[in-house]
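To keep things clear, I will list the structure first and then write my remarks on it.
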Amino acid sequence: METLENELLDTLKFDYDRVNSILTDKKPSAVWESYYNGEDQVITEKDYSRLGRRLFNTIKTRYSENRSFRSLTNKYLKSFEEIINNYQKTNDENKISLLLDSESGILFILISHSIGKLD
Numbered sequence: 012m013e014t015l016e017n018e019l020l021d022t023l024k025f026d027y028d029r030v031n032s033i034l035t036d037k038k039p040s041a042v043w044e045s046y047y048n049g050e051d052q053v054i055t056e057k058d059y060s061r062l063g064r065r066l067f068n069t070i071k072t073r074y075s076e077n078r079s080f081r082s083l084t085n086k087y088l089k090s091f092e093e094i095i096n097n098y099q100k101t102n103d104e105n106k107i108s109l110l111l112d113s114e115s116g117i118l119f120i121l122i123s124h125s126i127g128k129l130d
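My numbering numbers the first residue of the sequence shown as 12 and each following residue consecutively.
Right, dumping it as structure tokens:
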């Protein structure tokens, strides 16, 4: 997954060290739990920093216009979701929360939302 993540960030020309500044106050684990429980509007563009909104729009546009970017994005999301599914099989909520609240989880939530997956 790390290789896919690095490739994705390189394609977006985005520095991994800035991932923590994408969301303002919402924790990715809370967003995921709300989504998983079927709630509506679990995250909006208002939940992103200015930088996060800019990246959100870049991903949204690239995903719809660029087939290789869409393929890379889908591989990354699938890989991340497989890890979550493995933790769910063992009912390890702590590991799920830690993963979601990491830089990888922030990126996962942003990408999922950007492509309409959390709507």
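Backbone N, C-alpha and C fix where the C-beta goes; we use that ideal spot for every residue, glycine too.
Check                                                                                                                                                              : Outcome
Using only the alpha-carbon positions, how far apart do residue 32 and residue 60 sit?                                                                             : 7 Å
By DSSP, does residue 34 sit in helix, in strand, or in coil?                                                                                                      : strand
With distances taken Cα to Cα, identify the nearest neighbour of residue 34 among 77, 57 and 81.                                                                   : 57
Alpha carbon to alpha carbon, how far is residue 91 from residue 130? Give it in angstroms, no decimals.                                                           : 19 Å
Which value, in whole angstroms, describes the spacing of the CA atoms of residue 30 and residue 118?                                                              : 7 Å
Check the DSSP bridge columns for residue 59 and list the partner residues they point to.                                                                          : 34
How is residue 96 classed by DSSP in three states: helix, strand or coil?                                                                                          : helix
Along the chain, where does the alpha helix (DSSP H) containing residue 17 start, and where does it finish?                                                        : 13 to 23
Since residue 123 contacts residue 88 with CB under 8 Å, what's their CB separation in whole angstroms?                                                            : 6 Å
Going by beta carbon distance, what residues of the same chain come within less than 8 Å of residue 132, once the five residues before and after it are set aside? : Any answer about residue 132 is impossible in this case: the structure gives the chain only from 12 up to 130.
Assuming the contact rule is C-beta atoms closer than 8 Å, residue 125 and residue 71 should be a hit. Round their C-beta distance to whole Å, please.             : 5 Å
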